[in-house]
Structure formats: C-alpha cells, structure tokens
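> Structure incoming, see below.
Protein chains in written order, with my numbering: chain D, 78 to 366; chain S, 673 to 937.
Quick look at the structure:
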C-alpha cells in the first residue's frame with residue numbers, strides 16, 4: 078500500500094559521498110500521522126527537507142523516489158517540482174520566532190502565499206486568514222492580523238504558523254519539532270490543536286520529533302532513525318508495547334518518565350550502539366556493491 | 673545549612689517600557705521567596721518560561737543583586753556583598769551552564785578551560801588538578817588537548833561539570849544542563865551528576881522545566897510560577913500527592929511515552 082506521501086529507497090549524501098539518509102522508505106496515508114524519531118543527527122529533519130525540496134546545498138539526492146499525490150517529485154523539473162510541492166504540501170517549523178518576518182505584520186505573512194502562489198484575490202485571502210485564525214482559537218483575529226510577531230507570545234506565534242500551514246488546504250503537512258521550544262502546558266495546547274486541525278482537514282501529517290512521549294500522543298505510526306537509516310517502522314501501539322529493534326527499546330528506556338523514576342532515563346548501552354553501527358556499516362557495504 | 677533564603681525580592685528595569693525621559697519602570701521577577709538548601713541536598717527548581725527560575729539561580733550565586741530580603745550562604749550574609757568580598761567566596765559556589773557550546777571558549781583547549789577558574793583562585797599544580805577533574809567526569813585525560821568543537825554534546829557538558837567541580841565547591845547550580853542533549857546522553861550526564869554529588873558531598877540546585885528529570889535526580893522540589901513559590905516539598909511526596917493547582921496542571925501536561933496515558937489530545 079502506498080500512501081499519500083511515499084518515500085522509496087531515498088539516499089541522500091554529501092558531496093564527499095558520505096551518506097546522510099540511507100535507503101529510507103516510508104508511507105503516510107491521507108488522514109494519518111506518521112512520526113519520525115531519532116537523536117540529533119539521525120536525519121529526521123532531512124527527510125522532511127528532502128520532501129519539501131529544501132535540502133541544504135551541500136546535500137544531494139543520490140537515488141530513490143519521493144511520491145507526493147501520485148507524482149514522483151524527483152522526476153519533475155525544478156520549476157514543476159516547486160509548483161507541485163507548493164500546491165500540495167506545507168511546513169510547521171520548530172521556531173516560531175525565526176519563521177515569521179519580524180518587520181511585517183501577521184496578516185500579510187499569512188495571505189502572501191495564497192495571493193502570490195495560488196493566485197487568490199486579496200479579499201478572499203484576507204477572509205480566509207481571519208477564518209483560520211478563528212479556527213486555531215486566536216481571540217480577536219482582526220487585531221492579531223495587524224500585530225507584529227514580537228507582540229505575541231510563543232504559543233500564539235505557533236498557532237499562527239499552524240493556521241498559515243493549513244491556509245491553502247495542503248494534503249501533506251510536515252511538522253518539524255513544532256513544540257520543542259514551548260513550555261509543557263503550552264505544548265499540550267498546541268499538540269491538541271495540531272491533532273484537531275489534522276483530523277478536521279484530513280491531512281497527512283509527517284511529525285518530526287525527538288520526544289517519544291509526544292509521539293505516543295499524536296502519531297498513528299512511526300519510524301525510528303539512526304544515522305539516516307530506518308531501524309524500525311511500526312504502528313504506534315505495537316511500538317510502545319513491543320519495540321522490536323534493540324535500539325528502539327533502549328531509546329524508550331532512556332526517555333524520562335516521572336511516573337517511573339527507576340526504570341526510565343537509563344543510558345543507551347555501548348553494546349546496543351555497537352550493534353547499530355554494525356548494521357549501518359553492513360547497509361553501506363551492501364549499497365556499494 | 674548551605675543556603676538560607678528569606679523573603680527574596682528581585683526586580684529589574686523593564687527596558688520595553690522605558691520612557692524617553694525619566695525613570696525606567698521596574699519589573700518584579702522574584703516576589704518574596706523563602707527556602708533553605710540543607711547540606712548534601714539536591715534541590716530541583718521547576719517552572720515554566722518566565723517563572724523566574726534562572727533569575728533565582730543567578731541571585732543565589734550573586735550574579736544579580738537582590739532588591740530585598742536576605743541570602744545566607746553557610747551562615748554568611750551575601751545579599752549585598754560587593755565584588756571584592758564575593759571573589760573570596762566564589763570558589764565555594766559554582767555554576768554549570770545550559771549550553772556548553774556557548775559557555776566553553778571555542779578557541780581554548782579543554783585543559784585550559786578547566787584550568788581557568790583554578791588559576792584565578794591561585795590553585796597550584798594545575799595539570800594534575802585538570803587531569804583529576806577530567807577523570808572524575810569520566811573523560812580520558814588526553815581530552816585536555818582537544819577543542820570543544822571536537823567533542824559531542826554530552827562530552828562538552830562533562831567538561832562544563834569538570835570546570836565547576838575542579839575548585840571543589842560546596843554548592844553547584846546547574847541551569848537546564850541537559851535540555852539540549854539527546855535522551856541517551858541526558859541519562860549519562862544525570863547519572864554522573866548524581867554520583868558526584870554523593871562522592872564529593874556536594875549540594876546542588878538543579879533548574880529544569882522537565883519534571884521527569886527532576887524526579888530522577890532531586891531530593892526536594894520547589895515549584896515556581898510567576899516569581900512565587902507555589903509548592904515546595906520532598907520529591908516523592910510532591911509527585912505522588914501534589915497540592916497546588918499549578919503543580920497538578922504541570923504534571924498532567926507531561927506527555928509520557930505511554931499510549932494509554934489519559935492525556936486527551
């Protein structure tokens with residue numbers, strides 16, 4: 078079964094040939110939430126960037142396919158690819174302060190994409206923006222449209238970016254650590270909002286996070302990454318009840334859990350890391366044949 | 673007692689509301705805090721962003737001067753000591769910073785970084801002391817020749833810890849020291865810190881927004897909200913029967929890695 082987003086055997090490498098993503102495959106169906114978890118440097122954000130065509134310049138797609146809405150993005154010309162991505166996908170970024178332009182009011186930052194890329198009239202875009210701000214539970218949307226980013230709290234700014242991501246009714250949203258910068262109480266509100274918007278709009282959601290606690294609250298399925306390789310792909314409940322890969326189990330045991338202070342926060346053992354490194358090495362040898 | 677803090681007030685000038693002429697209005701950050709840190713205690717200080725937890729830490733180390741109340745360190749009133757008087761005291765209370773990348777000088781080798789405060793306080797036989805500190809945080813002594821960028825996040829934070837313990841202080845303040853680390857290195861750094869506290873008989877204040885980490889490490893917890901203590905108590909008791917509404921809200925908001933947790937997303 079291929080989903081709405083289907084990544085197949087995607088390999089991304091530095092110019093030196095050093096692989097960053099190693100034959101990554103994953104599917105996200107419409108209306109489903111798929112989590113990407115792993116430690117820093119595991120390549121979880123890079124998958125999102127590869128899909129959106131925003132990989133850093135030093136990185137290149139070596140092989141693989143990225144199917145979005147029935148089209149292989151990597152077979153399109155750069156212009157056609159941008160158009161396809163712009164019409165079907167959107168991003169909820171990590172840091173709401175750097176993602177918003179500090180010198181522009183909120184209103185135009187939401188409507189610009191609708192007007193410039195999708196060719197809406199200014200009035201329609203304006204009306205849609207107000208409707209969306211209301212949908213993400215922002216009180217007094219007219220006033221917020223005229224505000225500058227610095228006048229709003231972190232939670233408020235993240236709500237605006239969520240509204241903006243859903244503005245053009247994308248079929249796929251990539252959320253890259255959307256709550257890492259927020260307090261737990263605000264995080265809860267924002268996760269609740271993302272889940273509500275996602276199920277209301279039936280969007281496919283790719284959710285990048287390092288927090289397994291968050292995964293267990295919002296995802297239907299997940300992939301565990303290490304050094305750009307998918308070690309385990311699982312349905313959410315199965316993963317938390319019976320993690321198959323030893324690294325997954327170690328990651329779960331390392332996650333801080335206040336209800337279980339003794340059996341949580343355990344260091345990942347050297348043996349597990351060595352076994353995973355070996356697995357990655359074997360993959361590279363197979364791939365080079 | 674390591675610390676006795678009574679009715680601590682601290683306000684800072686609010687530059688966002690500074691008029692063109694006239695006095696700058698002040699914003700009250702700490703609104704009358706009282707608590708003790710007994711010898712050997714590991715005190716967790718928890719709160720959301722803007723709750724005043726880092727300001728409290730900085731006041732305890734006298735990096736900021738309180739505007740009211742009293743701070744006693746080992747029975748000595750340090751509330752309004754000047755820099756000269758504090759210099760003799762500073763080696764007894766040290767700090768570990770949140771982001772090791774920005775708190776370790778990128779142009780100095782690890783050995784030089786750890787030796788810095790030792791030299792400042794006139795300690796002799798520096799190389800031996802540096803090696804000893806590295807050894808205590810579980811890093812090979814060859815790391816003294818390396819630069820911070822050559823180390824992983826967890827190793828860098830160990831260097832931060834080595835620098836703080838090298839002077840053999842009585843008290844260490846750790847401000848969000850694991851929030852930038854991956855879960856696997858988080859566990860290692862926390863275990864190391866717990867061991868050092870026990871071996872050296874240190875007292876520790878551990879500032880964090882992560883209640884799960886606090887529960888693992890701390891013997892007592894203090895919950896801050898908008899510059900006031902909303903709850904203080906022994907760790908197990910506070911986690912098992914939280915009293916303040918804010919504590920309950922904070923606990924309920926933590927997403928546990930358990931799909932059956934009632935969290936209603």
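We put the CB at the ideal spot given by N, CA and C, even for glycine. Since the model is a prediction, treat every value here as computed from it, not as a measurement.
Evaluate contact between the region 98-105 of chain D and the region 306-313 of chain D, counting only Cβ atoms and requiring at least three cross-stretch pairs below 8 angstroms.
yes
> Below 8 angstroms, can you find three or more Cβ-Cβ pairs linking the region 123-137 of chain D to the region 162-179 of chain D?
yes
> Looking at C-alpha atoms only, which residue of 689(S), 685(S), 847(S) and 872(S) is the closest neighbour of residue 770(S)?
What you label residue 770(S) is simply residue 98 of the second chain in a count that begins at 1. Cα-wise, what sits closest to residue 770(S) is 847(S).
> Pick from 187(D), 344(D) and 175(D): whose alpha carbon is nearest that of residue 378(D)?
With chain D running from 78 to 366 in the structure shown, residue 378(D) is simply not present.
> Measure from the alpha carbon of residue 703(S) to the alpha carbon of each residue in 751(S), 685(S), 728(S) and 917(S), then state which is nearest.
The residue labelled residue 703(S) in the question sits at position 31 within the second chain. Residue 728(S) is the option with its Cα nearest to residue 703(S).
> DSSP three-state call for residue 277(D): helix, strand or coil?
Position 200 of the first chain holds residue 277(D). Here residue 277(D) sits in helix by DSSP.
> Take residue 239(D) and list the residues in its own chain whose beta-carbon comes closer than 7 angstroms to its own, dropping the five residues that flank it on each side.
As a working note, residue 239(D) is residue 162 in the first chain. For residue 239(D), where only same-chain residues beyond five positions count, the Cβ hits under 7 angstroms are 169, 213, 270, 271 and 274.
> In whole angstroms, what is the alpha-carbon distance linking residue 686(S) and residue 820(S)?
Here residue 686(S) is taken as the residue at index 14 of the second chain, counted from 1. Here residue 820(S) is taken as the residue at index 148 of the second chain, counted from 1. Near 36 angstroms, if we compare the C-alpha coordinates of residue 820(S) and residue 686(S).
> Helix, strand or coil for residue 702(S)? Go by DSSP, reduced to three states.
By 1-based counting over the second chain, the position of residue 702(S) is 30. Judged by DSSP in its simplified three-state form, residue 702(S) adopts strand.
> Beta-carbon within less than 7 angstroms of residue 749(S)'s beta-carbon, same chain only, minus the 5 sequence neighbours each way: which residues are those?
Within the second chain, numbered from 1, the residue matching residue 749(S) stands at position 77. The residues are 742.
> Using 8 angstroms for Cβ pairs, my map puts residue 880(S) next to residue 716(S). What's the rounded Cβ distance?
The residue labelled residue 880(S) in the question sits at position 208 within the second chain. The residue labelled residue 716(S) in the question sits at position 44 within the second chain. The Cβ separation is near 7 angstroms, so the contact holds.
> If contact means a Cβ-Cβ distance below 9 angstroms, which residues of the region 304-329 of chain D contact chain S?
Legend: CB atoms of the region 304-329 of chain D lying less than 9 angstroms from CB atoms of chain S belong to residues 313, 314, 316, 317, 318, 327, 328 and 329.
> Below 8 angstroms on C-beta distance, what does residue 331(D) contact in chain B?
Given the protein chain composition of this structure (D and S), no chain B is represented.
> List the residues of chain D whose Cβ lies closer than 8 angstroms to the Cβ of residue 885(S), in chain order.
Here residue 885(S) is taken as the residue at index 213 of the second chain, counted from 1. 333 and 342, listed in chain order.
> Which residues in the same chain have their Cβ closer than 7 angstroms to the Cβ of residue 839(S), if we skip the five residues on either side of it in sequence?
Numbered from its first residue, the second chain carries residue 839(S) at position 167. Counting only Cβ-Cβ distances below 7 angstroms, and skipping sequence neighbours, we find 763, 766, 789, 790 and 793.
> Could you pull the DSSP bridge partners for residue 284(D) from this structure?
For the purposes of this step, residue 284(D) is identified with residue 207 of the first chain, where counting begins at 1. Note: residue 284(D) is bridge-paired with 112(D) and 252(D) in the DSSP secondary-structure output.
> Can you tell me which of the three DSSP states residue 793(S) falls into?
What you label residue 793(S) is simply residue 121 of the second chain in a count that begins at 1. It is coil, neither helix nor strand.
> With 16 as the cutoff for other CB atoms within 10 Å, does residue 830(S) come out buried or exposed?
Here residue 830(S) refers to the residue found at position 158 when the second chain is read from its first residue. Buried, because 16 or more other Cβ atoms sit within 10 Å of the Cβ of residue 830(S).
> Counting contacts by CB-CB distance shorter than 8 angstroms, is residue 914(S) in contact with chain D?
Working through the second chain from its first residue, we reach residue 914(S) at position 242. Cβ-Cβ to chain D under 8 angstroms: no for residue 914(S).
> Have a look at 803(S), 738(S), 893(S) and 882(S) and flag the residue whose alpha-carbon is nearest the alpha-carbon of residue 916(S).
Mapped onto the second chain, residue 916(S) falls at position 244. Closest option to residue 916(S), Cα to Cα, is 893(S).
> Check the C-beta distance from residue 919(S) over to residue 887(S) and give it rounded, since I have them as a contact under 8 angstroms.
Here the question's residue 919(S) lines up with position 247 in the second chain. Here the question's residue 887(S) lines up with position 215 in the second chain. With a Cβ gap of about 12 angstroms, residue 919(S) and residue 887(S) do not count as contacting.
> Do you know how far the Cα of residue 86(D) is from the Cα of residue 94(D)?
For the purposes of this step, residue 94(D) is identified with residue 17 of the first chain, where counting begins at 1. For the purposes of this step, residue 86(D) is identified with residue 9 of the first chain, where counting begins at 1. When rounded, the distance between both Cα atoms is 17 angstroms.
> Return helix, strand or coil for residue 236(D), following the three-state DSSP convention.
Residue mapping note: residue 236(D) aligns to position 159 of the first chain, counting from 1. Note: residue 236(D) maps to helix in three-state DSSP.
> Tell me which same chain residues have a C-beta within less than 7 angstroms of the C-beta of residue 296(D), skipping the five on either side of it?
Position 219 of the first chain, counted from the first residue, corresponds to residue 296(D). Excluding positions up to five away in sequence, the list reads 110, 111, 112, 284 and 313.
> According to DSSP, is residue 159(D) helix, strand or coil?
By 1-based counting over the first chain, the position of residue 159(D) is 82. Helix, per DSSP.
> For residue 265(D), count neighbouring C-beta atoms within 10 Å of its own C-beta (all shown protein chains included) and say buried if the count is 16 or more, exposed if not.
On the first chain, position 188 is the one that residue 265(D) refers to. Buried.
> Who are the Cβ neighbours of residue 280(D) in its own chain at under 8 angstroms, not counting the five residues just before and after it?
Counting from one through the first chain, the residue named residue 280(D) turns up at place 203. The residues are 107, 108, 243, 247, 248, 249, 250 and 274.
> Tell me the start and end of each unbroken alpha helix (DSSP H) in the region 156-200 of chain D that is at least 4 residues and wholly inside, in chain order.
DSSP runs (the alpha helix (DSSP H)) wholly in the region 156-200 of chain D: 173-176 and 183-193.
> To test your reading of the DSSP string, which unbroken beta strand (DSSP E) runs of 3 or more residues are found completely within the region 708-761 of chain S?
714-718 and 740-745
> Would residue 264(D) count as contacting chain S if we go by Cβ distances under 8 angstroms?
Against the first chain, residue 264(D) aligns to sequence position 187. Answer yes: the Cβ-Cβ gap between residue 264(D) and chain S drops below 8 angstroms somewhere.
> For residue 204(D), count the other beta carbons within 10 Å of its own beta carbon; 16 or more makes it buried, fewer makes it exposed. Which is it?
The sequence position of residue 204(D) within the first chain is 127, counting from 1. Result: exposed.
> Work out the CA separation of residue 257(D) and residue 73(D) for me, nearest whole Å.
What the structure shows of chain D is the stretch from 78 to 366, and residue 73(D) is not part of that stretch, so it cannot be assessed.
> Give the C-beta separation of residue 82(D) and residue 105(D) to the nearest angstrom, bearing in mind that I take them to be a contact with Cβ-Cβ under 8 angstroms.
Stepping through the first chain from its first residue, residue 82(D) is reached at position 5. Stepping through the first chain from its first residue, residue 105(D) is reached at position 28. Contact holds; Cβ gap of about 4 angstroms.
> Pull up the distance between the alpha-carbon of residue 910(S) and that of residue 745(S), whole angstroms please.
Here residue 910(S) refers to the residue found at position 238 when the second chain is read from its first residue. Here residue 745(S) refers to the residue found at position 73 when the second chain is read from its first residue. When rounded, the distance between both Cα atoms is 26 angstroms.
> When DSSP builds the beta bridges, which residues end up paired with residue 144(D)?
Within the first chain, residue 144(D) is the residue found at index 67, counting from 1. DSSP output for residue 144(D) lists 83(D) and 149(D) as bridge partner(s).
> Please report the straight-line C-alpha distance between residue 853(S) and residue 201(D), rounded to a whole angstrom.
Numbered from its first residue, the second chain carries residue 853(S) at position 181. Numbered from its first residue, the first chain carries residue 201(D) at position 124. For residue 853(S) and residue 201(D), the distance between alpha carbons rounds to 45 angstroms.
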